[in-house]
Amino acid sequence: MTYSTVFWNRIAKSYANKPVADVEAYEFKLDKIRGELNPDMNVFEFGCGTGSTALKLAPLVASYQAIDFSEKMIAIAQGKLRDTPIPQLDFLQSALEEHPIQNNSLDAIIAMSVLHLMNEPQSAIAHAFTKLKPGGLFISNTACIADSMPWFKYIAPLGHSLRLLPKLHVFKQTTLMAYLTEAGFTTKYEWITENNKMTLFVISQKPLKSTQS
Ligand SMILES: C[S@@+](CC[C@H](N)C(=O)[O-])C[C@H]1O[C@@H](n2cnc3c(N)ncnc32)[C@H](O)[C@@H]1O
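Everything in the sequence shown is counted per the numbering used here, starting at 15 for the first residue and increasing by one.
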């Protein structure tokens, strides 16, 4: 088990009890996502945490699988699902890097507040591209810390080695957009949260005719 998994397991309970920091921005993004979903879609979410977003979006689609590598986060999500059953929703403990998904099989992939926390954000984005059908959507919300706190790039590795922080990448919004473009995505919608200029919400699309797989 990596230290990041240990970290997220450790804070799962307090994360679940923490209120959403900016409700207005969260609801705005949810509405944007809802506008892209339809009842025929097969949706996949990684880094779903305690499942709040999945529980809100899953009723709108045909199937919604949500994974997280923290067993404690997933246990909380599964508990919520037991209280409010949604037949098409499934929570599973799994790391994105190890989770089997057929290429070109998904209509949408959702990654909320997770790309900057992955071992290799660039590979995760490229991986998402291969799993989407042509025309499929990759919807991400990412803390691009380098734009407002560039010095954090010195703190992040130190905090991780001292076991105070999970693995954390400090990159700019332009870097994230470059990763998305390099993977082959086009940008359908881009929004920076008003109260928190660090967070970039992007709806990216895999072109219908792609030169990449
Ligand atoms: C900041 S939390 C975000 C949770 C949720 N998406 C939200 O918006 O509240 C990041 C989550 O990503 C999970 N995570 C990080 N890296 C992962 C990976 N490689 N595969 C699956 N889950 C991962 C962590 O366990 C944690 O629950």
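Note that beta-carbon positions come from the ideal geometry of N, C-alpha and C, so glycine has one too.
Pull up the CB-CB distance for residue i and residue j, whole angstroms please, since I reckon it's below 8 Å.
i, j, result
"I139", "E59", "I139 to E59, Cβ: 15 Å. No contact."
"R48", "L71", "7 Å"
"G150", "L194", "Actually they are not in contact, since the Cβ atoms of G150 and L194 sit about 13 Å apart, beyond 8 Å."
"P221", "P148", "7 Å"
"N155", "T213", "6 Å"
Is the beta carbon of residue i within less than 7 Å of some heavy atom of ligand 1?
i, result
"W22", "yes"
"M87", "yes"
"E111", "yes"
"V128", "yes"
"D45", "no"
"I123", "no"
"C158", "no"
"L67", "Note on residue identity: the sequence assigns Thr, not Leu, to residue 67. True, at least one ligand heavy atom lies under 7 Å from that Cβ."
"F60", "yes"
"L74", "no"
"F83", "yes"
"L131", "yes"
Does the distance from the CB of residue i to the CB of residue j come in under 8 Å?
i, j, result
"Y17", "T64", "no"
"H174", "H130", "no"
"K46", "I217", "yes"
"P53", "L69", "no"
"D36", "N210", "yes"
"F143", "A197", "yes"
"K86", "A160", "no"
"W22", "P180", "yes"
Considering only the alpha carbon of each residue, which of the options lies closest to residue i?
i, options, result
"H141", "E41, Q116, M163", "Q116"
"F215", "K223, A76, L190", "L190"
"W165", "L178, I153, K186, L176", "K186"
"Q219", "A122, K32, Y40, R96", "A122"
"I81", "Y40, N210, L44, M126", "M126"
"F107", "S66, Y168, S84", "The question names Phe, but residue 107 in the sequence shown is Gln. Of the candidates S66, Y168, S84, the one whose C-alpha sits nearest the C-alpha of Q107 is S84."
"G93", "S66, P114, A109, T207", "S66"
"A192", "I88, N210, L179, C158", "C158"
"G61", "P53, K211, L120, E111", "E111"
"P99", "K86, Y78, P114", "Y78"
"E208", "G198, A26, N23, Y40", "Y40"
"M15", "P33, L172, A109", "A109"
"T6", "I153, P171, M163, S162", "No answer is possible for residue 6: it lies beyond the span of the chain, which begins at 15 and ends at 227."
"K145", "A76, V57, Y203", "V57"
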